[in-house]
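Engineer: Okay, so the sequence shown: first residue is 241 according to the working numbering, each after it adds one.
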Amino acid sequence: MANLNVKVCGIPFKNPIIAASGTFGFGREYNQIYDISVLGGISTKGLTLAPRLGNNTPRIAESYGVVLNAVGLQNPGVDAFLLEELPFLKSKNIAIIANIAGNTLDDYAKMCEKLANKVDMIELNISCPNVKCGGMAFGILPESVEEVTKVAKYATDSTPLIVKLSPNVANIAQNALAAEAGGADCISLVNTFTGMVIDIYKRKPILANNTGGVSGAGIKPIAVRMVNDVYKAVKIPIIGMGGIQTAEDVIEFILAGASAVQVGTANFTDSLSMPHIIENLNKWLDTNAIENINELVGKLELN
241 MANLNVKVCG IPFKNPIIAA SGTFGFGREY NQIYDISVLG GISTKGLTLA
291 PRLGNNTPRI AESYGVVLNA VGLQNPGVDA FLLEELPFLK SKNIAIIANI
341 AGNTLDDYAK MCEKLANKVD MIELNISCPN VKCGGMAFGI LPESVEEVTK
391 VAKYATDSTP LIVKLSPNVA NIAQNALAAE AGGADCISLV NTFTGMVIDI
441 YKRKPILANN TGGVSGAGIK PIAVRMVNDV YKAVKIPIIG MGGIQTAEDV
491 IEFILAGASA VQVGTANFTD SLSMPHIIEN LNKWLDTNAI ENINELVGKL
541 ELN
């Protein structure tokens, strides 16, 4: 069998398959279906400083090849995570990435201080509105990307910092460079696209929030292109995501420049999707006489 072990910022993953934030909770429910210790890692449900109930319902909608969500970061808060969820995740011997979301720079700093040296990596969700700057998301402008990254990095001590990029920007490579300049150790992308689904009989959006984040198989080609754009721009490692359903999808992201990947919406269509992907990844590598998956990182040959 091929070697699936990867390292990202010095953190070992037994394979490159990570559960994406917001699609896997804290792993407890899926662990009733299979032993989640087979995974390379988990990016937790997005954590905020205080508990959140999330948005009004309906907050999930479907369209062809995609899902829209406007859950609104429902979560128990960072302190409850540390007390109630982290011990369970540590027992599974997987890399633990704490995904965090804030409305102010101070929110990010406080959460990073609480999580530093308690988890393997911290992932900044910067698609959240900066309430002190008129509600514009931290991740829209390169200047704000660099600023929030600097604040978070200062508070993380030696814990590697991932910055998760929004695709809803003019130039994602510029934002990746801004994160790198701010001290990011790793980039993850892409977060969800902004979209809307309309009930044509009610003449109203299906989601109570009107718009939501678009994820699922339909976004994969755009996500792969953006990963490659960022790979060509930065010197730090990349975790790719967006529409991954199969082992072949994983290979695409790795060839485009990702050192590891996150699998999200596929968990809803097939609760065993990640174990299946890991199994088939081994088969694909063996079939193609590749001994080590790291050999493929960034090996895309452009026309």
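C-beta atoms are modelled at their ideal positions from N, C-alpha and C, and glycine is treated no differently. Note that this is a predicted model, so its numbers are computed, not measured.
Thinking just about the alpha-carbon of each residue, which of Leu542, Ala356, Pro515 and Ala500 is nearest to the one in Asn245?
Structural biologist: Comparing Cα-Cα distances from Asn245 to each of Leu542, Ala356, Pro515 and Ala500, the minimum goes to Ala500.
Engineer: Shortest alpha-carbon distance to Ala290 belongs to which of Ile340, Val307 and Gly250?
Structural biologist: Considering only alpha carbons, the answer is Ile340.
Engineer: Tell me, please, whether the segment 321-334 touches the segment 292-311 by the rule of three or more beta-carbon pairs shorter than 8 Å.
Structural biologist: Cβ pair count under 8 Å is below three, so no.
Engineer: Write down the C-beta distance between Lys404 and Asn365 rounded to the nearest angstrom, noting that I regard them as a contact closer than 8 Å.
Structural biologist: Contact holds; Cβ gap of about 5 Å.
Engineer: Drop a sphere of 10 angstroms on the beta-carbon of Thr432, count the other beta-carbons inside from all chains shown, and report buried for 16 or more, exposed for fewer.
Structural biologist: Flag for Thr432 reads buried.
Engineer: Report the partner residues of Val248 according to the DSSP bridge assignment.
Structural biologist: DSSP, once it has assigned bridges, lists Ile251 as partnering Val248.
Engineer: Pick helix, strand or coil for Phe266, following the three-state DSSP scheme.
Structural biologist: Looking at Phe266 - three-state DSSP - the assignment turns out to be coil, as it is neither helix nor strand.
Engineer: Along the chain, where does the beta strand (DSSP E) containing Lys404 start, and where does it finish?
Structural biologist: Lys404 -> beta strand (DSSP E) spans Leu401 to Lys404.
Engineer: Whole angstroms is fine: what's the gap from Ala457's alpha carbon to Thr434's?
Structural biologist: Each residue's Cα considered, the two are about 15 Å apart.
Engineer: Assuming Ile257 contacts Ala335 (C-beta within less than 8 Å), just tell me the rounded distance between them.
Structural biologist: Not a contact, Cβ separation roughly 11 Å.
Engineer: Between the alpha carbons of Cys352 and Ser367, how many angstroms are there, rounded?
Structural biologist: Using only the alpha carbons, I get a separation of about 17 Å.
Engineer: I'd like the list of long-range same chain contacts for Gly452, defined as Cβ closer than 6 Å, with 5 residues on each side in sequence excluded.
Structural biologist: Around Gly452: Leu308, Asn309 and Ala310.
Engineer: Quick check for students: name the residue ranges of the alpha helix (DSSP H) that lie wholly in the segment 279-331, counting only runs of 4 or more.
Structural biologist: As far as the segment 279-331 is concerned, its whole alpha helix (DSSP H) runs of at least 4 residues are 326-330.
Engineer: What are the residues that DSSP puts in a beta bridge with Ser428?
Structural biologist: Partner(s): Lys404 and Ile479.
Engineer: So for Ser455, helix, strand or coil by DSSP?
Structural biologist: Ser455: strand per DSSP, three-state reduction.
Engineer: Using CA atoms only, rank isn't needed, just tell me which of Ile459, Leu540, Leu287 and Gly317 is closest to Glu492.
Structural biologist: Considering only alpha carbons, the answer is Leu540.
Engineer: Taking Ser331 as the reference, give the member of Arg268, Ala301 and Phe508 with the closest Cα.
Structural biologist: Nearest option by C-alpha distance: Arg268.
Engineer: Sort Ser261, Ala416 and Val278 by Cα distance to Asn255 and report the nearest one.
Structural biologist: If we check each option's Cα against that of Asn255, Val278 comes out closest.
Engineer: For Tyr270, I'd like the list of residues in its chain whose CB is within less than 8 Å of its CB, leaving aside the five on either flank, ordered along the chain.
Structural biologist: Only Ala259, Phe264, Ile276, Asn507 and Ser511 meet the Cβ criterion.
Engineer: May I ask you to verify whether the segment 390-401 touches the segment 444-451, counting CB pairs closer than 8 Å and requiring at least 3?
Structural biologist: As far as the Cβ criterion goes, the segment 390-401 does not touch the segment 444-451, which means the pair count is below three.
Engineer: Mind checking who Val501 pairs with in its DSSP beta bridge?
Structural biologist: Paired residues: Ile257 and Gly480.
Engineer: With H, G and I counted as helix, E and B as strand and the rest as coil, what does DSSP make of Ala377?
Structural biologist: Correct three-state label for Ala377: strand.
Engineer: Three-state secondary structure (DSSP) at Leu364?
Structural biologist: Reduced to three states, the DSSP call for Leu364 is strand.
Engineer: With 16 other CB atoms within 10 Å as the buried threshold, where does Ala418 fall?
Structural biologist: Per the 10 Å Cβ criterion, buried.
Engineer: For Gly281, count neighbouring C-beta atoms within 10 Å of its own C-beta (all shown protein chains included) and say buried if the count is 16 or more, exposed if not.
Structural biologist: With 16 or more other Cβ atoms within 10 Å, it is buried.
Engineer: Which word fits Tyr441, buried or exposed, when buried means at least 16 other C-beta atoms lie within 10 angstroms of its C-beta?
Structural biologist: Exposed, because fewer than 16 other Cβ atoms sit within 10 Å of the Cβ of Tyr441.
Engineer: According to DSSP, Ile337 sits in a beta bridge with which residue or residues?
Structural biologist: Paired residue(s): Ser283 and Met361.
Engineer: Can you tell me the Cα-Cα spacing of Ile517 and Val537, whole angstroms?
Structural biologist: Whole-angstrom Cα-Cα distance: 18 Å.
Engineer: Put Ile517 into one of helix, strand or coil per three-state DSSP.
Structural biologist: Correct three-state label for Ile517: helix.
Engineer: So what does DSSP say about Asp439, is it helix, strand or coil?
Structural biologist: Here Asp439 sits in strand by DSSP.
Engineer: For Ile478, which residues from the same chain have a beta carbon less than 8 Å from its beta carbon, with the 5 sequence-adjacent residues on both sides left out?
Structural biologist: Cys426, Ile427, Ser428, Leu429, Val467, Val470, Tyr471, Gly497, Ala498 and Ser499, listed in sequence order.
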